[in-house]
Structure formats: structure tokens, C-alpha cells
Amino acid sequence: MANVIESRLADMGIELPEPPPPVAAYVPYRIAVGLVHISGQLPLVDGELIVGKLGLDIDTEAGMAAARHCAINLLAQLRAACGGDWERVGCAVKINGFVNSTPEFKQHPQVINGASEFLASAMGEAGKHARSAIGVSSLPLGAAVEVDGAFHIR
Amino acid sequence: MANVIESRLADMGIELPEPPPPVAAYVPYRIAVGLVHISGQLPLVDGELIVGKLGLDIDTEAGMAAARHCAINLLAQLRAACGGDWERVGCAVKINGFVNSTPEFKQHPQVINGASEFLASAMGEAGKHARSAIGVSSLPLGAAVEVDGAFHIR
Amino acid sequence: MANVIESRLADMGIELPEPPPPVAAYVPYRIAVGLVHISGQLPLVDGELIVGKLGLDIDTEAGMAAARHCAINLLAQLRAACGGDWERVGCAVKINGFVNSTPEFKQHPQVINGASEFLASAMGEAGKHARSAIGVSSLPLGAAVEVDGAFHIR
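Residue numbers (the working numbering), protein chains in the order written: chain S, 1 to 154; chain D, 1 to 154; chain Y, 1 to 154.
Below is the structure:
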């Protein structure tokens, strides 16, 4: 799968960022019993955070783009977790998509599809995952979306 | 346990629905390292979604019923995940119950008991699980409750 | 690691509480495939719950203290899960920190650091974990923070 992922990313014109180092008493990912759990990723693009609240000041399209950037950062952490050896990655298992949204917002699935579709594009069948998509009242630093995930790793 | 679950469901007058096929780039469940992670289930009953916000326009009793329906759909996905062979299911491990609620709502445990009690009724000791119950600002399509879960599967 | 954890707790002047017994159809923790999933813990201190909404009626400092108490209760459940034998605990894997907060709140990472820093203080390297920190509209009984977690256990 190794080269496939890298070449798919290249086809999409995506270069995975260097994942930021841990800034607190927690770590970006932890491997145990064949699963790697990755910390909630924010939609950071070249150091800029996509902020906003769905249903208020950012639309569904922009929310999808934010979710996609969360997933790109998730994949960057996954690459670090497997030491750059994609052969060690079995598959995506579960992602949780948290949408910063108003009490009336209803389009969480569309927003989080931005993350799901990216993972499927980059990883193919192995990128398909179980997921939950929920609306939250607020997110760190005002981020529009946050996505965490668990992957099978060898 | 196999026949026990089916006969308990029959005793409760519950027929598990056919789980809906995946509608996006994600899947209803994913099995890895002996755990099956099941996507967030909504309170869909015969194609009708139970919508509403606890503390605003749906009461705790109705919220419990919604949570119970989420758990019925979770069990339907679990049955699909084990190919109908309940012997493959070890136990429920963890569920997350997301309650669409106002900022003042406090009765999340009672609401999510609708899911927990159903799982314990259907699966007995094996149905007991760790859980988190939280209030969220909004849910997909305006659903009143969403529940996801992880189960031990062989 | 056994004595180390107990002596670190003693150094911090912390005595782990007796974890409360299950009050519903769910259980405080469930062990499967080498992971123990622990139910969402509330900031209960000597039977008193720390309530409030970040950004409204409780400040970040107090929120951190609440998160720390959630983590103390998490560790008390972990001790019960390993039967008091800390040698059975591999490491912390993932925590989810739910912050009861207003739509405008942004300091979730600082709040949940109260939990993360406690785990790292008590467990050292083994206490470092992946995490997600999110803002939620409400929590059970009006709690200010809720934290759940998964740990590697043998």
C-alpha cells in the first residue's frame, strides 16, 4: 500500500505537513495492542487555523474543507506513527468528527464527509472507517472542526 | 449466547432492522484486533427519525426512547458485523451517548440509560459496557440522540 | 511502576477515592483485548460535584481543577480495573475531555491540561496519552468537565 498512498497524495497535489510536536502533557498519538489512537486534529493549514461556527459564520462547503484539512493532519500523524512505513498500516478503524455549530445546524454528515472522502481517496479501501459526526458548542481556539481517529497498525 | 440474544429480542417484541447500507465514504462498522467499532447510530424507527432537543421540545422519557432506538440500530449493525453468528460476540465494551440538548439540560444519564438498559436486556452480562454520556449542541438531521459503540468480537 | 505510582500520588498528597459502584445498566470499566475502557468521570470531590459552564460562571483555572479531579477518578477506576496491581497497566492510550462551555469558549486545551498533567505526574512517561478536547453544550448534573479514557492493561 506504501507507494500507493504516497502516489495518491501526489496525484491530489497534497504534501503531508510535518506534524507539530506535542505542546502539553499529551502526545499526538499512542500505539497499543495494534491500534494507534491519534489526538484530535484541528484544521491547521500552513500555520493558519480555520475558525468559525457552522450555521453562523462559515458555510457547509467551507466546513467540509476544514474537515478535509483535519484529515490531512490525521494522516500526517499516522505517517509519523508508522515511521513513514505505510506497510505497517492496516486500515482506518474509527474517526470522530466534531463540528463547531449552532444549536440548529443539521448538516454534520456533509461536513465530516470532507474528512471521510479524503481518507478514502488517499488510502482506498483501507481508508474506509466507522465514524461519528456530532455538533459541539465550541472547539479549541475557535476551530471550525476537530477530527480524531484510530487506525490499525502493525 | 447466540440463541439467548435472539430469544430475548423476541421476548421484547423487537425485530432488529436491516442495517442501512453505507451512504458515504465511511462504513457502518470496522473490525480490527478483536474489536468492532460501530458508527454513530441515529434513532431511526421504520425510516422515521426521532428529532428534537432535550430541554426544549422533547422530554426525558422521549429521549430515553430515542436512545433505545439508537441501541437497537447498534445491535443490528453488530449482528451484521458478526455475520449473524452471535457466538462471535464477546461483550459490549464502550458506548458514547450524545444527547442533543440545551445548555441547561442535566439528565443525560437518564436519557442514555435507554440505550444501556436495552443492551443489558438483550445481551445480559455481556451487554454491560463502559460509557460516556454528554450533551451536544446539535446532531445530524436534528436527531435527538446519537449512540456509537465498540464491542469485543472474535 | 507499581510503587512508583503510589509514591507519586503520596508525594502529591492525593489519595485515590473508592470508585463509586455502577449505578445503572452500565459499568465503570470494561476490559477487552488488552485495553480497558473507562466510563466518563465527573469532577466529584468528596461527594461534591464541581458544576458550572466555562465562559459563563466558572473560570479556566477552576475548569483545570475540575479536569484534574476527573483524572483522579479515572485513575481510581484504573486501579480497580487492575485489581490494585499497577504492574498490569501498560500505559494511558487516549482520553476524551468534554468541557461544559459557552459557544464562544476557546481554552479547552488549558482546561483539559488539568487532566493530562495529572496523569503524566502520577504515571510518568506511561501516563502520556493521545487526547481530544472539545466543548459541549451541557454535561450530566451540570458538571463542568467530563473525562473518559482507554488504557493498555495486561
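Backbone N, C-alpha and C define an ideal beta-carbon position, used for all residues, glycine too. Quick caveat, the model's predicted, so the values are computed rather than measured.
ask   = Under the rule that 16 or more other beta-carbon atoms within 10 Å means buried, what is Y:Val4, buried or exposed?
value = To locate residue 4 of chain Y, count along the third sequence from 1; it is residue 4. Exposed: under 16 other Cβ atoms inside 10 Å.
ask   = Is the distance from the Cβ of D:Leu119 to the Cβ of D:Ala92 below 8 Å?
value = In the second sequence, residue 119 of chain D corresponds to position 119, counting from 1. In the second sequence, residue 92 of chain D corresponds to position 92, counting from 1. In this structure, D:Ala92 lies closer than 8 Å to D:Leu119 by Cβ.
task = Could you name each continuous beta strand (DSSP E) segment of 3 residues or more that falls completely within the stretch 76 to 129 of chain Y, going from the start of the chain to the end?
result = If only uninterrupted beta strand (DSSP E) runs of at least 3 residues are considered, those enclosed by the stretch 76 to 129 of chain Y are 89 to 100.
ask   = Does Y:Ala115 get closer than 8 Å to chain D when you measure Cβ to Cβ?
value = Here residue 115 of chain Y refers to the residue found at position 115 when the third sequence is read from its first residue. Chain D, which has no Cβ nearer than 8 Å to the Cβ of Y:Ala115, makes this no.
task = Would you tell me roughly how many angstroms separate the C-alpha atoms of Y:Ala81 and S:Ala10, rounded to the nearest one?
result = For the purposes of this step, residue 81 of chain Y is identified with residue 81 of the third sequence, where counting begins at 1. For the purposes of this step, residue 10 of chain S is identified with residue 10 of the first sequence, where counting begins at 1. Cα-Cα distance, rounded: 46 Å.
request  = Kindly list the residues whose CB is nearer than 7 Å to the CB of Y:Met123, restricted to its own chain and excluding five residues on each side of it in sequence; keep chain order.
outcome  = The residue given as residue 123 of chain Y occupies position 123 in the third sequence. Answer for Y:Met123: Ile5 and Ala92, listed in chain order.
ask   = Using a C-beta cutoff of 8 Å, does D:Arg131 count as contacting chain Y?
value = Within the second sequence, residue 131 of chain D is the residue found at index 131, counting from 1. So, interface residue.
task = Take Y:Ala133 and list the residues in its own chain whose beta-carbon comes closer than 6 Å to its own, dropping the five residues that flank it on each side.
result = On the third sequence, residue 133 of chain Y is found 133 positions in, with the first residue counted as 1. In its chain, beyond the 5 residues on either side, Gly97, His108, Pro109 and Ile112 have a beta carbon closer than 6 Å to the beta carbon of Y:Ala133.
ask   = Taking 8 Å as the CB-CB limit, is D:Glu146 close to chain S?
value = Within the second sequence, the letter at position 146 stands for residue 146 of chain D. Taking Cβ atoms only, chain S reaches closer than 8 Å to D:Glu146, which makes this a yes.
Per-residue DSSP class, three states only, for D:Arg154 = Counting from 1 along the second sequence, the entry for residue 154 of chain D is found at position 154. In this structure, D:Arg154 counts as coil in the three-state DSSP scheme.
ask   = Between D:Gly63 and D:Gln41, what straight-line distance do the alpha-carbon atoms span, to the nearest angstrom?
value = To locate residue 63 of chain D, count along the second sequence from 1; it is residue 63. To locate residue 41 of chain D, count along the second sequence from 1; it is residue 41. Rounded to whole angstroms, D:Gly63 to D:Gln41 spans 14 Å at the Cα level.
request  = Give the single residue among D:Val145, D:Val36, D:Ser116 and D:Ser121 whose Cα lies nearest to the Cα of S:His152.
outcome  = By one-based count along the first sequence, residue 152 of chain S stands at place 152. When each option's Cα is compared against that of S:His152, the closest is D:Val36.
key: Selection of the stretch 16 to 37 of chain S by Cβ proximity to chain Y, strictly under 9 Å   = Residues are counted here when their Cβ sits less than 9 Å from a Cβ of chain Y; for the stretch 16 to 37 of chain S these are Pro22, Val23, Ala24, Ala25, Tyr26, Val27, Pro28, Tyr29, Arg30, Ile31, Ala32, Val33, Gly34, Leu35, Val36 and His37, given in chain order.
ask   = How would you label D:Arg154, buried or exposed, when you count the other beta carbons within 10 angstroms and need 16 or more for buried?
value = Indexing the second sequence from 1 puts residue 154 of chain D at position 154. The residue in question, D:Arg154, is exposed, as its Cβ has fewer than 16 Cβ neighbours within 10 Å.
ask   = How about S:Leu141: is its C-beta nearer than 8 Å to some C-beta of chain Y?
value = The residue labelled residue 141 of chain S in the question sits at position 141 within the first sequence. Chain Y, which has a Cβ nearer than 8 Å to the Cβ of S:Leu141, makes this yes.
request  = Counting only the same chain and skipping the five closest in sequence on each side, list residues whose C-beta sits under 8 Å from that of S:Tyr29.
outcome  = For the purposes of this step, residue 29 of chain S is taken as residue 29 along the first sequence, with counting starting at 1. Here the set comprises Val36, His37, Ile38, Ser39, Gln77, Leu78, Ala80 and Ala81.
task = Would you list the residues sitting across from Y:Gly63 in a DSSP beta bridge?
result = The residue labelled residue 63 of chain Y in the question sits at position 63 within the third sequence. According to DSSP, which records beta bridges pairwise, Y:Gly63 is partnered with nothing at all.
ask   = In terms of residue numbering, what span does the beta strand (DSSP E) encompassing S:Ile31 cover?
value = For the purposes of this step, residue 31 of chain S is taken as residue 31 along the first sequence, with counting starting at 1. For S:Ile31, the uninterrupted beta strand (DSSP E) segment begins and ends at Tyr29 to Ala32.
message = Quick check: what's the CA-CA separation for S:Arg68 versus S:Leu44?
response = Taking the first residue of the first sequence as position 1, residue 68 of chain S is located at position 68. Taking the first residue of the first sequence as position 1, residue 44 of chain S is located at position 44. Approximately 10 Å between the Cα atoms of the pair.
request  = Give the DSSP-derived three-state secondary structure of Y:Ala10 in the structure shown.
outcome  = As a position in the third sequence, residue 10 of chain Y is number 10, starting the count at 1. In this structure, DSSP gives Y:Ala10 a helical state, which the three-state scheme calls helix.
query = Does any CB atom of chain S fall closer than 8 Å to the CB of Y:Val89?
reply = Within the third sequence, residue 89 of chain Y is the residue found at index 89, counting from 1. Answer no: the Cβ-Cβ gap between Y:Val89 and chain S never drops below 8 Å.
query = Going along chain Y in order, which residues have a C-beta closer than 7 Å to the C-beta of S:Val136?
reply = Position 136 of the first sequence, counted from the first residue, corresponds to residue 136 of chain S. The contacting residues are Ile134, Gly135 and Val136.
task = Spell out the partners DSSP gives Y:Arg131 in its beta bridges.
result = On the third sequence, residue 131 of chain Y is found 131 positions in, with the first residue counted as 1. Note: Y:Arg131 is bridge-paired with Y:Ile95 in the DSSP secondary-structure output.
query = In or out: D:Ser7 buried (at least 16 other Cβ within 10 Å) or exposed?
reply = In the second sequence, residue 7 of chain D corresponds to position 7, counting from 1. Around the beta carbon of D:Ser7, fewer than 16 other beta carbons lie within 10 angstroms, which makes this residue exposed.
ask   = What did DSSP end up calling Y:Gly149 once you bin it into helix, strand or coil?
value = The residue labelled residue 149 of chain Y in the question sits at position 149 within the third sequence. For Y:Gly149, the three-state secondary structure derived from DSSP is strand.
message = Once DSSP output is grouped into helix, strand and coil, what is the label at D:Leu42?
response = Sequence index remark: in the second sequence, residue 42 of chain D carries index 42 (1-based). For D:Leu42, the three-state secondary structure derived from DSSP is coil.
query = Do we get a CB-CB distance below 8 Å when we pair Y:Lys128 with the residues of chain D?
reply = As a first step, residue 128 of chain Y is located in the third sequence; it is residue number 128 there, counting from the start. Taking Cβ atoms only, chain D never reaches closer than 8 Å to Y:Lys128, which makes this a no.
task = Determine the burial state of D:Glu48: buried for a count of at least 16 other Cβ atoms within 10 Å of its Cβ, exposed for fewer.
result = One-based indexing of the second sequence puts residue 48 of chain D at position 48. Classification of D:Glu48: exposed, given that the 10 Å Cβ count is below 16.
request  = Report the neighbours of Y:Gly40 on chain D: residues whose CB is nearer than 9 Å to its CB, in chain order.
outcome  = Counting from 1 along the third sequence, the entry for residue 40 of chain Y is found at position 40. Chain order gives the chain D residues near Y:Gly40 as Asn96, Ala130, Arg131, Ser132, Ala133 and Ile134, where near means a beta carbon separation below 9 Å.
message = So that I know if they touch, is there some Cβ in chain Y lying closer than 8 Å to that of S:Lys106?
response = In the first sequence, the residue the question calls residue 106 of chain S occupies position 106. So, not an interface residue.
query = For the candidate residues S:Thr102, S:Val147 and S:Arg131, whose alpha-carbon lies nearest to that of Y:Ala130?
reply = Position 130 of the third sequence holds residue 130 of chain Y. Minimum Cα distance to Y:Ala130 is reached at S:Val147.
ask   = List, in order along the chain, the chain Y residues whose C-beta lies closer than 9 Å to that of D:His152?
value = Residue mapping note: residue 152 of chain D aligns to position 152 of the second sequence, counting from 1. Per Cβ cutoff of 9 Å: Arg30, Ala32 and Val33.
task = Compare the C-beta of D:Ala120 against all C-beta atoms of chain Y and say whether one is closer than 8 Å.
result = Within the second sequence, numbered from 1, the residue matching residue 120 of chain D stands at position 120. With 8 Å as the cut-off, D:Ala120 counts as an interface residue toward chain Y.
key: C-beta contact flag for Y:Ile50 and Y:Ala143 at 8 Å   = Taking the first residue of the third sequence as 1, we reach residue 50 of chain Y at position 50. Taking the first residue of the third sequence as 1, we reach residue 143 of chain Y at position 143. A contact, by the Cβ cut-off of 8 Å.
ask   = Using a C-beta to C-beta distance shorter than 8 Å, which residues of chain Y count as neighbours of D:Ser101?
value = Reading the second sequence from its first residue, position 101 is the one you call residue 101 of chain D. Those are Ser137 and Ser138, listed as they occur along chain Y.
query = How many Å lie between Y:Glu117 and S:Thr102 at the Cα?
reply = By one-based count along the third sequence, residue 117 of chain Y stands at place 117. By one-based count along the first sequence, residue 102 of chain S stands at place 102. Those two C-alpha atoms are separated by around 31 Å.
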